[in-house]
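Everything below concerns the one structure shown next.
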Amino acid sequence: MTTALRPAVFLDKDGTLVHDVPYNVDPQQLRFTPHAIEALRLLQAAGWPLIVVTNQPGIALGLFDQTDWQRLAAGLTERLAEHGVELAGIHACPHAPALDAAPAGCICRKPAPGLLRQAAREHRIDLAGSWMVGDILNDVEAGRRAGCRTVLLDVGNETEWVWSPRREPHHRCSDLLQAAQHILAGEMKPPRSHPSLPPEAALAADQRSRIHATPWPAGTATTGTARSAMN
Ligand SMILES: [Mg+2]
Ligand SMILES: [Zn+2]
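Terminal number for the sequence shown in the numbering used here: 231, no gaps in between.
Take a look at the structure:
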């Protein structure tokens with residue numbers, strides 16, 4: 001069966017969806033950012049698949065392992081489900097930052113666009129119709145390199161401001177709700193050249209929340225459901 005590509009909203013996790021607790025893998029410590037739930041509900045109601053794309057270098061650094069990460073991701077999925085929000089997926093880069101002298105260690109650590117491309121293949125996402133929302137310019141760059149439009153949550157988490165044209169956000173705002181409103185306002189304008197959304201039923205069937213993580217150090221991608229990740 002083939003289905004038309006559909007646009008999505010990609011969300012950074014730390015500092016965007018939840019408050020940034022460095023290297024946290026304790027689901028109890030998950031705290032949503034202001035208006036995050038309201039924002040995701042609005043986007044979901046309008047038919048946007050929601051996909052989290054997150055750098056998790058703590059895995060490569062040995063601070064926690066894939067099991068810990070899967071538990072955190074399952075916890076995040078559950079917390080959102082309590083609020084009626086379903087993620088289409090969670091994609092994580094488990095690799096460490098490349099050393100200055102070394103070539104890039106992986107293709108998925110933001111600001112590289114690999115996580116978005118991986119998610120697009122898996123969920124049949126139209127990247128050109130999609131948005132990437134994050135709290136630092138590496139999120140913006142990842143989104144632009146993947147061909148998405150971008151929103152920077154200008155909340156003080158970006159501190160270096162290393163600038164280039166591909167790090168210029170299409171829009172800036174101060175919380176996820178404003179980001180969602182901007183995305184939804186754009187929807188009112190004539191659509192860009194991407195196929196229309198599939199029927200609601202197909203969308204819902206395809207939105208079963210799944211968790212994904214690229215194996216470390218490299219290799220074949222693995223996927224699993226939130227449920228099985230907990231067992
Ligand atoms: Mg962040
Ligand atoms: Zn990676």
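Positions of the beta carbon are idealized from the N, C-alpha and C atoms, including for glycine. Please read all numbers here as calculations on a predicted model, not as lab measurements.
> Can you tell me whether DSSP reads His-182 as helix, strand or coil?
Replying inline: As a position in the sequence shown, residue 182 is number 182, starting the count at 1. If DSSP states are grouped into helix, strand and coil, His-182 belongs with the helices.
>> Looking at ligand 1, does it come within less than 6 Å of Gly-47, judged from the CB to the closest heavy atom?
In response: Translated into positions along the sequence shown, residue 47 becomes position 47. Answer for Gly-47: no, Cβ out of range of ligand 1.
> Does DSSP classify Leu-152 as helix, strand or coil?
Replying inline: Here residue 152 refers to the residue found at position 152 when the sequence shown is read from its first residue. DSSP places Leu-152 in strand when its eight states are reduced to three.
> So does Arg-109 have its beta carbon nearer than 6 Å to some heavy atom of ligand 2?
Replying inline: Within the sequence shown, numbered from 1, the residue matching residue 109 stands at position 109. Yes, the beta carbon of Arg-109 sits closer than 6 Å to at least one heavy atom of ligand 2.
> In whole angstroms, what is the alpha-carbon distance linking Trp-48 and Leu-11?
Replying inline: Along the sequence shown, read from residue 1 onward, the residue named residue 48 stands at position 48. Along the sequence shown, read from residue 1 onward, the residue named residue 11 stands at position 11. Distance between the alpha carbons of Trp-48 and Leu-11 is about 12 Å.
> Near Leu-127, which residues of its chain fall below 6 Å by C-beta distance, leaving aside the five closest residues on each side in sequence?
Replying inline: In the sequence shown, residue 127 corresponds to position 127, counting from 1. Leaving aside the five residues that flank Leu-127 on each side, the residues in its chain whose CB is nearer than 6 Å to its CB run, in chain order, Ala-120, Ala-146, Gly-147, Cys-148.
> Does ligand 1 have a heavy atom nearer than 6 Å to the CB of Thr-150?
Replying inline: Translated into the one-based positions of the sequence shown, residue 150 becomes position 150. Incorrect: Thr-150 has no Cβ contact closer than 6 Å to ligand 1.
>> Could you check whether Val-140 and Thr-150 sit closer than 7 Å to each other, using their CB atoms as the reference points?
In response: On the sequence shown, position 150 is the one that residue 150 refers to. On the sequence shown, position 140 is the one that residue 140 refers to. Result yes, Cβ atoms of Thr-150 and Val-140 sit closer than 7 Å.
> Are the CB atoms of Arg-109 and Asn-157 nearer to each other than 7 Å?
Replying inline: If you number the sequence shown from 1, residue 109 lands on position 109. If you number the sequence shown from 1, residue 157 lands on position 157. Not in contact: Arg-109 and Asn-157 (Cβ atoms no closer than 7 Å).
> Between Ile-107 and Gly-114, what straight-line distance do the alpha-carbon atoms span, to the nearest angstrom?
Replying inline: Counting from one through the sequence shown, the residue named residue 107 turns up at place 107. Counting from one through the sequence shown, the residue named residue 114 turns up at place 114. Straight across, the Cα-Cα distance linking Ile-107 with Gly-114 is about 5 Å.
> Candidates Thr-16, Pro-94, Trp-69, Ile-37: which alpha carbon is nearest His-83's?
Replying inline: Walking along the sequence shown from the start, residue 83 turns up at place 83. Closest option to His-83, Cα to Cα, is Ile-37.
> Three-state secondary structure (DSSP) at Trp-163?
Replying inline: Along the sequence shown, read from residue 1 onward, the residue named residue 163 stands at position 163. Correct three-state label for Trp-163: coil.
> DSSP three-state call for His-123: helix, strand or coil?
Replying inline: For this step, residue 123 is matched to residue 123 along the sequence shown. It is helical.
> Counting by C-beta, which residues lie closer than 7 Å to a heavy atom of ligand 1, in chain order?
Replying inline: One residue list follows from the rule of a beta carbon closer than 7 Å to any heavy atom of ligand 1, given in chain order as Asp-12, Lys-13, Asp-14, Gly-15, Thr-16, Asp-20, Gly-134, Asp-135, Ile-136, Asp-139, Asn-157.
>> For ligand 2, I want to know if His-170 counts as a neighbour, meaning its beta carbon is within less than 6 Å of at least one of the ligand's heavy atoms.
In response: Position 170 of the sequence shown holds residue 170. Within 6 Å of the C-beta of His-170 there is not a single heavy atom belonging to ligand 2.
> How big is the Cα-Cα spacing for Ile-51 and Gly-62?
Replying inline: As a working note, residue 51 is residue 51 in the sequence shown. As a working note, residue 62 is residue 62 in the sequence shown. For the pair Ile-51 and Gly-62, the Cα-to-Cα distance works out to about 26 Å.
> With contact counted as at least three CB pairs below 8 Å, one residue from each stretch, are the region 129–138 and the region 90–97 in contact?
Replying inline: When C-beta atoms of the region 129–138 are compared with those of the region 90–97, fewer than three pairs fall below 8 Å, so the two segments do not count as touching.
>> Starting from Val-9, trace the beta strand (DSSP E) in both directions and tell me its first and last residue.
In response: Here residue 9 is taken as the residue at index 9 of the sequence shown, counted from 1. Here the beta strand (DSSP E) through Val-9 covers 9–11.
> With C-beta atoms as the reference, is Ala-142 less than 7 Å away from Pro-94?
Replying inline: Here residue 142 refers to the residue found at position 142 when the sequence shown is read from its first residue. Here residue 94 refers to the residue found at position 94 when the sequence shown is read from its first residue. Not a contact, by the Cβ cut-off of 7 Å.
>> Tell me whether His-91, by its Cβ, gets closer than 6 Å to a heavy atom of ligand 2.
In response: Against the sequence shown, residue 91 aligns to sequence position 91. Flag unset: Cβ of His-91 not near ligand 2.
> Which partner residues does Phe-32 have in the DSSP bridge list?
Replying inline: In the sequence shown, the residue the question calls residue 32 occupies position 32. In the DSSP output, where bridge partners are listed per residue, Phe-32 has Val-18.
>> Just to confirm the assignment, what range does the beta strand (DSSP E) spanning Gly-75 have?
In response: Counted from its first residue, the sequence shown places residue 75 at position 75. Counting along the chain, Gly-75 falls outside any beta strand (DSSP E), though it belongs to the alpha helix (DSSP H) covering 66–82.
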